[in-house]
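Here's the structure we're looking at; comments come further down.
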Amino acid sequence: EAPFVGTGMEPIVARDSGAAIAARRGGVVDQVDATRIVIRATEELDAGKSGVDIYRLQKFQRSNQNTCVNQRPLVSVGDVISKSDIIADGPSTDLGDLALGRNALVAFMPWNGYNYEDSILMSERIVSDDVFTSIHIEEFEVMARDTKLGPEEITRDIPNVSEEALKNLDEAGIVYIG
38 EAPFVGTGME
48 PIVARDSGAA
58 IAARRGGVVD
68 QVDATRIVIR
78 ATEELDAGKS
88 GVDIYRLQKF
98 QRSNQNTCVN
108 QRPLVSVGDV
118 ISKSDIIADG
128 PSTDLGDLAL
138 GRNALVAFMP
148 WNGYNYEDSI
158 LMSERIVSDD
168 VFTSIHIEEF
178 EVMARDTKLG
188 PEEITRDIPN
198 VSEEALKNLD
208 EAGIVYIG
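Residue numbers 38 to 215, in our numbering, belong to the letters of the sequence shown in order.
The structure is reproduced here in structure tokens:
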């Protein structure tokens, strides 16, 4: 969510960070879907250069911090854009502005006569609506080794574990997606 109050540098930081995608040339949007944006250039073309710019969007990629990188198109087919216009939002941008948090109404006040530093009060709606929830993507790798007792086996059959506890595992013992 873009901040209500900012410094004026938010669009510049969003563009320069690479989170938001800016148009390299002016033109008309030919195609838009969740994975790419195609823009037909209307500016003067240099000899040997293509008249079409294709921008590929990152969809649910894992970052080095195990967070989710997802870019969303902001343009529609037929839109006329200028050079350096923001055409796609990234994971920390909102309509081309840097958006690193949420706008929340807060109050610093004592609770039941105690010191205001003793506790933090928040709305139950913030918790129930997942206002501050984020998506993390982690990748794990397992190797089955040869041991003195024979090779290790990756399986769903775990002794002394109920079928209820195993219901979310596939036949290889891997957790189902979701």
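Cβ coordinates follow ideal geometry from the N, Cα and C atoms, glycine included. Predicted model, so just to flag it, every value in this text is computed and none were measured.
| query | result |
| --- | --- |
| Determine the DSSP secondary structure at P147, reduced to helix, strand or coil. | coil |
| Hey, how far is the Cα of V66 from the Cα of A60? | 11 Å |
| In angstroms, rounded to a whole number, what distance separates the CA positions of Q102 and Q95? | 16 Å |
| My output table needs one value for P128: the three-state DSSP class, helix, strand or coil. | coil |
| Between L135 and E38, which are expected to be in contact by the criterion C-beta below 8 Å, what is the C-beta distance as a whole number of angstroms? | No, L135 and E38 are not in contact; Cβ-Cβ is about 11 Å, not under 8 Å. |
| Do you know offhand how far E178's Cα is from I211's? | 11 Å |
| State the start and end residues of the unbroken beta strand (DSSP E) segment that holds V112. | First-last for V112: undefined, no H or E at that position. |
| Mind checking which residues open and close the beta strand (DSSP E) that includes R77? | R73 to A78 |
| If you draw a straight line from the alpha carbon of E200 to that of F169, how long is it in whole angstroms? | 34 Å |
| Provide the residue(s) that pair with D134 in DSSP beta bridges, ordered along the chain. | D131 |
| Alpha carbons only, please: which of A71, T79 and T184 is nearest the one belonging to D117? | As written in the sequence, residue 117 is Val, which differs from the Asp given in the question. Considering only alpha carbons, the answer is T79. |
| For the beta strand (DSSP E) that V69 lies in, which residues bound it at each end? | G64 to V69 |
| Note the first and the last residue of the continuous alpha helix (DSSP H) segment covering I214. | From DSSP, I214 is part of no alpha helix (DSSP H); its letter is neither H nor E. |
| Taking the DSSP output, what are the residues bridged to T184? | G187 |
| Residue range of the beta strand (DSSP E) that R93 falls in? | V89 to R93 |
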